[in-house]
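Please read the structure below before turning to the comments.
Numbering (full-length UniProt numbering), first residue to last: 1 to 246.
What follows is the structure, encoded as structure tokens:
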């Protein structure tokens, strides 16, 4: 083992002396295709000519004393965007009564309906539920005297919430709007109905019953596997035979 380590050290030393291989501590060369980081913003470089530019005129005292010249008002839009919380979701989508693409998805905008009355909240009433600053499609699953159990559409029951009937987080679903149009039925569920030459729907006839064939039924019973022995059934058969014989 020691001899092998000595041989490796000798080979590395010869390679370093020849200049063919770099030392193990050196890093590989950087790729020329990497993008360099832009230089940090700093003061503009000084002009090379001898003629120095004239200094800018001093700001008037009135402008310096005005409250608009505060650091918060002079903040750049980029700094304001960084401090504002980042939102994820369709910010520009406005829920409308005829919107057929978002009947179940949450939205940042309130629905175009009103708050439901306490007596209107019944089982299966569709709602829009305000949760984490978004309006979720929900349904009343259970109704009590002063509270209701609201469940999110498409989510399991472990996410249900119990709220009072006069809660401000409940709005009627857009399906309760008079201008609402239900989304079309998916094409995979649409079955064309046959019609005749005049356009009337054709009533399909009921299937005819099969003709009873005693020979075929006898063959079916003969090919069936034998049933296991049932003593109670055999006892009833014997009683029936005795009654018939009497």
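Glycine included, every Cβ here is placed at the ideal spot set by N, Cα and C.
Everything numeric in this text was worked out from a predicted model, so none of it was measured.
What first and last residue would you give for the beta strand (DSSP E) that runs through residue 128? 126–131
For residue 202, the first and last residue of its enclosing beta strand (DSSP E): Careful: residue 202 lies outside any beta strand (DSSP E) and carries neither H nor E.
Would you mind working out which of 220, 146, 133 sits nearest residue 120, comparing C-alpha positions? 146
When you compare the region 114–130 with the region 182–192, are there three or more beta-carbon pairs, one atom per stretch, that lie closer than 8 Å? no
Between 114, 136, 123, 118, which has its C-alpha nearest residue 107's C-alpha? 136
CB of residue 141 within 8 Å of CB of residue 160, strictly: yes
For residue 215, which residues does DSSP report across the bridge? Residue 215 pairs with nothing; no bridge assigned.
For residue 229 and residue 243, I'd like the C-alpha separation in whole angstroms. 23 Å
Does DSSP put residue 169 in a helix, a strand or coil? coil
If we call anything under 8 Å between Cβ atoms a contact, is residue 123 one with residue 138? no
For residue 229, name the three-state secondary structure that DSSP assigns. coil
Please report the Cβ distance between residue 173 and residue 111, rounded to the nearest whole angstrom; I am assuming they are in contact, meaning their Cβ atoms lie under 8 Å. 7 Å
Compare the Cα-Cα distances from residue 165 to each of 180, 152, 148 and report the closest residue. 148
For residue 115 versus residue 180, is the C-beta distance shorter than 8 Å? no
Whole-angstrom distance between residue 214 and residue 231, CA atom to CA atom: 29 Å
Which one or two residues does DSSP pair with residue 136 in a beta bridge? 129
For residue 62, count neighbouring C-beta atoms within 10 Å of its own C-beta (all shown protein chains included) and say buried if the count is 16 or more, exposed if not. Legend: pLDDT at residue 62 = 43, less than 50; position of this residue unreliable, value from coordinates given subsequently. With fewer than 16 Cβ atoms within 10 Å of its Cβ, residue 62 is classed as exposed.
Beta-carbon within less than 7 Å of residue 201's beta-carbon, same chain only, minus the 5 sequence neighbours each way: which residues are those? 193, 195
Which residues mark the beginning and the end of the beta strand (DSSP E) in which residue 152 is found? 147–152
At which residues does the beta strand (DSSP E) containing residue 105 begin and terminate? Run containing residue 105: none; DSSP gives neither H nor E here.
Under the three-state DSSP convention, the category residue 185 falls into: coil
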